[in-house]
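Peer 1: Here it is, the structure in full.
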Amino acid sequence: MYRGLLAVTRILGIDPGSRKTGYGVIDVERSNARYVASGVIRLPDGPLPERLKLIFDAVSQIAQQYQPQQMAIENVFMSKSAGSALKLGQARGAAIVAATHADLPVAEYEARKVKQAVVGNGGADKLQVQHMVKTLLKLPASPQEDAADALAVALCHMHTMQTLIQSSAGSRARFRRGRLSVT
């Protein structure tokens with residue numbers, strides 16, 4: 111079932127990683143975003159399955175604590191090595207399973223689209239993303255890099271949902287099987 115932007119919608123953004131996973135929570139009312147929380151899930155050295163469990167547990171706890179209605183996550187990008195991309199994909203999977211376990215619809219965004227939505231340039235660097243997140247959310251200081259990326263994912267989802275709602279007068283945007291689609 112589609113859960114559009116209600117009077118106030120809470121969005122959880124995730125920037126996945128097998129060493130550090132950023133999260134950011136925003137509230138959206140009409141076209142205004144308000145910062146709720148953000149941080150970084152730091153994963154200790156150790157076997158990958160144990161780190162994946164920590165990601166699952168932490169995202170589950172964040173979802174329980176902040177009660178978002180939707181989750182947005184960054185897609186896997188091609189990494190320097192296949193092994194790194196595979197680990198990143200598994201970290202994403204752990205976060206996605208935690209979200210679906212909490213009955214959250216999940217939207218996925220390419221890094222370039224996130225940067226385009228927040229900075230206006232799909233090739234923006236991390237400092238530009240941090241600066242724009244700080245500016246858009248009226249924060250007193252720039253959030254940590256991974257937390258800023260997660261907040262950017264949440265902001266991208268907000269903009270995407272608003273665009274879909276505005277442009278879908280004759281069509282319907284909804285989540286099917288946890289994926290965003292427009293019919």
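Residues 111 to 293, numbered by our numbering, are exactly what the sequence shown covers, in order. Note that the Cβ used here is the ideal one computed from N, Cα and C, for glycine as well.
Looking at the unbroken alpha helix (DSSP H) that takes in Arg161, where does it start and where does it end?
Peer 2: One-based indexing of the sequence shown puts residue 161 at position 51. First-last of the alpha helix (DSSP H) with Arg161: Leu158 to Tyr176.
Peer 1: Do three or more CB pairs link the region 190 to 205 to the region 122 to 135 at distances below 8 Å?
Peer 2: Touching, yes.
Peer 1: Grouping DSSP H, G and I as helix and E and B as strand, with all else coil, what is Asp213?
Peer 2: Here residue 213 is taken as the residue at index 103 of the sequence shown, counted from 1. Reduced to three states, the DSSP call for Asp213 is coil.
Peer 1: In angstroms with no decimal places, state the Cα-to-Cα distance between Gly233 and Tyr219.
Peer 2: Counted from its first residue, the sequence shown places residue 233 at position 123. Counted from its first residue, the sequence shown places residue 219 at position 109. Looking at the two C-alpha atoms, the distance is approximately 15 Å.
Peer 1: Can you tell me where the beta strand (DSSP E) with Gln180 in it begins and where it stops?
Peer 2: Residue mapping note: residue 180 aligns to position 70 of the sequence shown, counting from 1. It spans Gln180 to Glu184 - the beta strand (DSSP E) in which Gln180 sits, taken as one unbroken run.
Peer 1: Specify whether the region 143 to 160 and the region 241 to 261 touch according to this definition: at least 3 beta carbon pairs, one from each stretch, less than 8 Å apart.
Peer 2: Flag = yes, the region 143 to 160 and the region 241 to 261 touch.
Peer 1: Based on the DSSP output, what are the partners of Val138 in its beta bridges?
Peer 2: The count along the sequence shown starts at 1 and reaches residue 138 at position 28. In the DSSP output, where bridge partners are listed per residue, Val138 has Thr119 and Ala143.
Peer 1: Return yes when the Cβ of Gln180 is within less than 8 Å of the Cβ of Leu214, no when it is not.
Peer 2: The residue you call residue 214 lines up with position 104 of the sequence shown. The residue you call residue 180 lines up with position 70 of the sequence shown. Yes, they are a contact pair.
Peer 1: If you draw a straight line from the C-alpha of Cys266 to the C-alpha of Gly156, how long is it?
Peer 2: Reading the sequence shown from its first residue, position 156 is the one you call residue 266. Reading the sequence shown from its first residue, position 46 is the one you call residue 156. Cys266 and Gly156: Cα-Cα distance of roughly 33 Å.
Peer 1: Under 8 Å by Cβ, that's how I've got Ala258 and Gln240 pegged, so tell me the actual separation to the nearest angstrom.
Peer 2: Residue numbering aside, residue 258 sits at position 148 when the sequence shown is read from its first letter. Residue numbering aside, residue 240 sits at position 130 when the sequence shown is read from its first letter. Indeed they touch by this definition, with Cβ atoms about 4 Å apart.
Peer 1: Closest by CA to Lys244, which one among Thr119, Asp125, Ala143 and Glu139?
Peer 2: Walking along the sequence shown from the start, residue 244 turns up at place 134. It is Ala143 whose Cα lies nearest to the Cα of Lys244.
Peer 1: Take Gln226 as the anchor and find which of Ser170, Val135 and Ala262 has the nearest alpha-carbon.
Peer 2: Within the sequence shown, residue 226 is the residue found at index 116, counting from 1. Closest option to Gln226, Cα to Cα, is Ala262.
Peer 1: In the DSSP assignment, find the unbroken alpha helix (DSSP H) run with Leu249 in it and report its ends.
Peer 2: Mapped onto the sequence shown, residue 249 falls at position 139. Looking at the DSSP string, Leu249 is not in any alpha helix (DSSP H), and its letter there is neither H nor E.
Peer 1: Would Lys197 be called buried (16 or more neighbouring beta carbons within 10 Å of its own) or exposed?
Peer 2: Looking up residue 197 in the sequence shown gives position 87. So Lys197 counts as buried.
Peer 1: With a CB to CB cut of under 6 Å and the five nearest residues on each side skipped, what residues in its chain are close to Val169?
Peer 2: By one-based count along the sequence shown, residue 169 stands at place 59. So the list reads Ala205 and Ala208, once near-sequence residues are dropped.
Peer 1: Please identify the residue among Met242, Asp235, Val224 and Leu158 whose C-alpha is closest to the C-alpha of Gly127.
Peer 2: Working through the sequence shown from its first residue, we reach residue 127 at position 17. Minimum Cα distance to Gly127 is reached at Leu158.
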